[in-house]
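In this text, residue positions in the sequence shown follow my numbering: the first is 4, and each later residue adds one.
Written out below as C-alpha cells is the structure these notes cover.
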Amino acid sequence: MSLREQGIEVDDSSRRLSEYSYDASNYRVRPAAVAFPGSVDDLRKVVRACSASNVPTIARGGGTSMAGNAIGEGLVIDLSRRMVSVEGLDADQATVWADAGVVLGELRSYVEKTTHGKLTFAPDPSSMTRATIGGSIGNDACGNHSVAYGRMTQHVKELELITADGAHLHAGRDFLRAVDVTDHHSVVRASELLEGLNELARANMAPLRVELQKIPRQVSGYHLGHLLPENGLDIAGALAGSEGTCAIIVRAKVGLVPKPRTTALLCLGYQDTIESARDVMTILAAKPSAIEGLDASIVDIMRHRRGDASVDSLPKGQAFLMVEFSAETIDQAASDCERLAEKLRADGRIVDHAIVTEPRERAKLWRVREDGAGLSSRRIDGVQTWPGWEDSAVAPERLADYLADLLPLVKKYGYTAFMYGHFGAGCVHMRLDYDLRSDAGRQAFSDFTHEAATLVVAHGGSLSGEHGDGRARGELLEVMYSREMLAVFKAFKHLWDPAGILNPGIIVDPAPFSASLALEGLPQPVSDHGEVGAVLDAAVVPSSENRELLSVVSPFMGNTHACIGVGRCRATTGGFMCPSYRATKDEKDSTRGRARVLQELTRTKGTSHDGWSSPEVREALDLCLSCKACSTDCPTGVDIAEAKSQLVDEHYRGRLRPFTHYSIGWLPRWLPLLTRVSTLANLGTRIGLFRALGELLGVSARRRLPDFAQSARIRQRIREAGFTGNADILLFIDSFTRAFRPEVVPAAARIFRESGSSVGCTPDACCGLTWISTGQRDGARRRLARLISKLDDGTDRDIVVLEPSCAATIRDEGPKLVGGAAAARVAARVRSFSVAVDEAMQRGWKPKTLPPETAVLQTHCHEHAVFGSGAQKRILETWGVPNLVESSSCCGVAGNFGFEAEHFDMSMKVAKHSVIPALAKGDSDALVLTDGFSCAMQVSQIDPERSGKHLALALDPHNARWVD
C-alpha cells in the first residue's frame, strides 16, 4: 500500500518540488517528492518506505538553513505543518516537550504565557519567528543571548526520534530505549545502538577529548564529546548538531530559564570592527546577557531601507557592540551598563556610547542588529550578497586577531563584506557579494573558501558556529579535523544510518561545496532599459525615500530573483507578510514559495514571462491577496503583488477577462453612474437573484456590499469641506471615499484647518489601483499619467489622500508605471491621511475631541507597505487613548480579493489571524479605526453591529460621539 493510500500527504507536483528545491543557502537540489506527516505513526511509515526503497530522506523544519542542510534528492519530510504540539510544561523542573515542527518564537510565547512571565525558552536565533525546534536542534542554533544561555545543546534534555529503519526511540543522558516496550524492533535497535555508542566512546576517548568542545561555538562536525563518561553518555546532546544525518527528531524535551525581569542596553561605538572585538574579553568579565557586533555597512543598509529614524539612536562610530544586562530592577541594569562604559572609556577604544533603558528605544536598537542583518542580503545598489563563509567562530579572546587576518583576505578577493555576529561567543556572521553565476566567479568563491577555512583553523576556530556544516562546509571538515576524528564521525553516522539514506552528503561523505549552486545556469537579471552591463546582479532595493526606481523585472517579475529563502514570510507575528501563509501554513502560499516557483520557471524557460499560462504558477499565486506587504517586509524586496499583476496583465492581453476584472477592476469607472442612481443600485445589491447571478460571475454573494452615496449627498459633503484656492494642503478625494464615505471629506478638511493649514482640493482623477490589482496595467498607466499631469502643479504642497491604498498607489506605482520627473515630484508630495495628521501633531497640534477609552486599529496593508504602520499608533498615543488593540496583519479583503467568490473563504480565514481577535479583545464601545475602505468592509462583514471608522471621523471636532 502506498503512502498516499495510507492517508499520508505526499506531493510530487512540479510546483511543490520547486518550493522545496531551496532553503536559505546558496544551493538548489530538486527532491523527488515532499511528505507532510501528521503523527509519529505517519512519520514511521514514511521512513520505513524510504528505507525499503533506499530513498534519500531529508527532514525539514522552517527551511531557513544557510548551509544547505534542509534540501536534498529523494523525499523531503516537512515537519513544520502538522507536527506542532506543545505539552508537558513542568514549571518546577523548568522543562517542556515540543514537537519538531514547533516554531521557536511560538514556543517562547507559549511558555511565557503559561508561566505568567516567570519562565522563557532561551535560544533566540534571528530566524526564531520561523525556525523550528527540530531544525534548531539539528543545527545546534543559538542566538543573541548565547553568552548567557549557550547553544541549543545546553537546552536539550531528551529526544524522541525515528531511526533510518523506522525504530521509535527515546534518548537522553545515559539512556536510549524504545518508546514502546512492546515494539520489538525498536527495543532491539535501542540495545544495539546503546552498545555501539558506548564502544565508540571507549575506543576514541583521546581524540574526543583533544579535538572537540574546545571553544564556545565549535559546532562543526558531530558533538561526540557528549558521549564521554565525564559527560554521562548524553545521547541527546550528541545528536544535537547532527543535521538530520543520524535520526529524525520527532519531539524534544527542552529546558527553560527564568525570564529576566528587566534589561538595559549599552551600545558602544568604535572606529572599526577589529577595535570593537578587542574589548570583548573586558565586556565578558562584566557578565552581560548579550554581546552582539555589527559594522557600519549593516547600519547603512538599515538607514537606506528603513529611514534615518531607524538608526538615530546609535552612538557615533563605524562599528558597534550591543551589550545587554539583565537585572531585578532597571536601575541595577543601568548601573551595570554605566560601570562597564566607564571601564571601556578608560581603556580608550570606544568613541561614543549610549545607555538605553526605555523599552521602545531598546527594541529599536535591537532591530538594527536583527533587521539590518536580514537586509544585508542586498547591498544598497541592489547587488546580492550570499552566505558561504557566514558562520565561522573562534575563541572570543582570539576574535580581534582573526578579524585582522580575515578582512584582508576578503579584500584580496575584491569582495564587500556585511559583518555582524555574536561577538561575545567569537562567532562571525558575514555575507559577501560572491559572483556565483560565472565560472570564474565560482572558482574565486572556491579559492576564497578554502583559504578562509585554513585561516579560521589556524586561529583555533570552527568552520561553523551555529548554522551547521551542511553543503557549505562539510567538504572542509578535513581542514579542521584529523583523519582519526573524521573516521569516528563516519562510524557514528554508520551506527545510526548504515545505509546512508538520512540527509546524505552532509558531514560524512560530503558533497563538494561548490556543487549544486543555485545561481549556476540561472539567467542574469536586467533592467527594463536592457542595461545588462550596468545592472549585473542587481535588483532595486526599496528604500524609505527612494521608491521611484524602476524594478528589475526581466527576465524575472516582481523582483522574485531576489528571494534567498530567509523565510521571514513564514513568520506568524511581526509585519504584515504573508497573510495567506498565516492562514494556510502551506509553503506554496508564502512569498518565498511563490518566488521559488517563479525562479524555477525562469530556470527552465529562460524567463518568467507568460507564467500565468503555467498551472503551477497560477496555483502558487492564486491566494496572493496583493497586499504588497512583502514589498517592504521581505528583506530582499520581493514584490509578489507586482509579479502577479504583471503576469495577469500579460496573460490576458487580447483575451476575454474574468467578469470581476470588468466589474471590480473597472469600479471607479462605474461609480459616477451608480451614485447617480444610488437608490436603484443599493436595492439591486440586496436582491437575492442579482447576488446569485453575481456569484456565478465571480462576485461573492456572501460578501456584504456597501451602500452607494447619493450624488447630491456627495456634492453637499464636498461643499461642506469649504475648500479654498491657493491652499497650504490639497485633499485628493479618491473614487471610494467619494462614492461610499463622502462624510470623510469635510471631516478631514476641518481637522487640517484646525491644525492651522488652509485646505484645497485636487482636480478629479483616478490612480488606477483596481486596474493594477486585476492586472490591467496599461489602463492603470493611462490613469496614473493623467493624474500626475493634473497634480504636478509646480508647487510642493502636500497632497493628502484619504484612502490609504490610493495614496500608496500614487506614491509607489506612479514612478514605476509612468516614470519621469513629474511622477517623482508628485510621489514625494503624497501623504496618507494618517501620515499628514502625524506630521501636524509633531508640529504641536492636538485634537480637541476627547479620546476613546479603547481603540482597535486595523492599518491598511498598502499603507503599511509604502508609508509604514507607525503613524496611526503615534496619533492615538499623542491623542491620549489609554488602550490600543492593534490588528497586526492584513484584514483579508485587500481590494478585489475578498469580494471574489472563489476567495471569500480564504478572506475570512485570513481575518481570523488578526482582525477578528483584535475586535474580540476591544470592547463593544471601542473605536474601530479603518482608514482603508476594504478594511471597513471586512469589519462590517465580521460584525454587522460594529462599523470601522476613518481616522478623520474620529478626530473631527464636529463628531459629537467623542466630544465631552
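Idealized CB from N, CA, C, for every residue including glycine.
Here the structure is a predicted model, which means the values were calculated and not measured.
{"Query": "Excluding the 5 residues flanking R220 on each side, which residues of the same chain have their C-beta closer than 7 Å to its C-beta?", "Result": "A396, A428, G429, C430, S465, G468 and E469"}
{"Query": "Taking 8 Å as the cut-off, does the region 201 to 221 touch the region 483 to 491 (at least 3 CB pairs, one atom from each stretch)?", "Result": "yes"}
{"Query": "Buried or exposed, going by whether 16 or more other CB atoms sit within 10 Å of the CB of M580?", "Result": "buried"}
{"Query": "In the DSSP assignment, the beta strand (DSSP E) including Q861 goes from what residue to what residue?", "Result": "T857 to Q861"}
{"Query": "What does N886 pair with, by DSSP beta-bridge criteria?", "Result": "T857"}
{"Query": "For E195, count neighbouring Cβ atoms within 10 angstroms of its own Cβ and tell me buried if that reaches 16, exposed if not.", "Result": "exposed"}
{"Query": "To the nearest angstrom, report how far apart E12 and P766 are at their CA atoms.", "Result": "56 Å"}
{"Query": "Excluding the 5 residues flanking K876 on each side, which residues of the same chain have their C-beta closer than 8 Å to its C-beta?", "Result": "L860, L887 and E889"}
{"Query": "What alpha helix (DSSP H) runs, 4 residues minimum, are completely inside the region 148 to 183?", "Result": "149 to 152"}
{"Query": "For the structure I just gave you, are there three or more beta carbon pairs, one from the region 902 to 917 and one from the region 692 to 706, closer than 8 Å?", "Result": "yes"}
{"Query": "Applying the 10 Å Cβ sphere with the 16-neighbour rule, what's the burial state of M4?", "Result": "exposed"}
{"Query": "Assign K915 to one of three DSSP states: helix, strand, or coil.", "Result": "coil"}
{"Query": "Along the chain, where does the beta strand (DSSP E) that runs through E90 open and close?", "Result": "V89 to D93"}
{"Query": "The alpha helix (DSSP H) spanning K367 covers which residue range?", "Result": "P362 to L378"}
{"Query": "If we ignore side chains and look at the alpha-carbon of each, how far apart do K346 and L479 end up?", "Result": "41 Å"}
{"Query": "Starting from the Cα of P960, find the closest Cα among T727, D799, L790 and A750 and give me that residue.", "Result": "A750"}
{"Query": "Using the DSSP secondary-structure output, state which residues sit across from S292 in a beta bridge.", "Result": "Answer is none; S292 lacks a bridge partner."}
{"Query": "Cα separation between E698 and K924?", "Result": "33 Å"}
{"Query": "Taking 9 Å as the cut-off, decide whether the C-beta atoms of V942 and L922 are in contact.", "Result": "yes"}
{"Query": "Of the residues W389, G871 and F426, which one's Cα is nearest the Cα of F448?", "Result": "W389"}
{"Query": "What would DSSP say about T457, mapped onto helix, strand or coil?", "Result": "helix"}
{"Query": "Below 8 Å, how does it come out for the region 225 to 232 and the region 123 to 140: are there three or more Cβ pairs, yes or no?", "Result": "no"}
{"Query": "Just mark Y484 as buried or exposed, buried being the case when its beta carbon has 16 or more other beta carbons within 10 Å.", "Result": "buried"}
{"Query": "DSSP three-state call for W389: helix, strand or coil?", "Result": "strand"}
{"Query": "DSSP three-state label for Y423, please.", "Result": "strand"}
{"Query": "In angstroms with no decimal places, state the Cα-to-Cα distance between W615 and S583.", "Result": "19 Å"}
{"Query": "Tell me, to the nearest whole angstrom, how far the beta carbon of S776 is from that of T727; I am working on the premise that it is less than 8 Å.", "Result": "Not really, about 34 Å apart at Cβ, beyond 8 Å."}
{"Query": "Could you tell me the boundaries of the alpha helix (DSSP H) in which A27 lies?", "Result": "A27 -> no alpha helix (DSSP H), and no H or E assigned at all."}
{"Query": "By Cβ distance below 6 Å, which residues in the same chain neighbour T740 in space, the five residues on each side in sequence not counted?", "Result": "V747, L805 and E806"}
{"Query": "Quick one: give me the first and last residue of the beta strand (DSSP E) that K256 is part of.", "Result": "I251 to G258"}
{"Query": "Compute the distance between the beta-carbons of R352 and Q274, then report whether it is under 9 Å.", "Result": "yes"}
{"Query": "Classify A724: buried if its beta carbon has 16 or more other beta carbons within 10 angstroms, exposed otherwise.", "Result": "buried"}
{"Query": "In its own chain, which residues sit with a C-beta less than 6 Å from the C-beta of D14, not counting the 5 before and 5 after it?", "Result": "V37"}
{"Query": "Whose C-beta lies closer than 8 Å to the C-beta of I510 among residues of the same chain, with five residues either side of it excluded?", "Result": "G224, Y225, S245, E246, T248, D472, G477, L480, F492 and K496"}
{"Query": "So the alpha helix (DSSP H) M940 belongs to, where does it begin and stop?", "Result": "F936 to I945"}
{"Query": "Can you tell me the Cβ-Cβ gap for C864 and C630, rounded? I've got them flagged as a contact below 8 Å.", "Result": "4 Å"}
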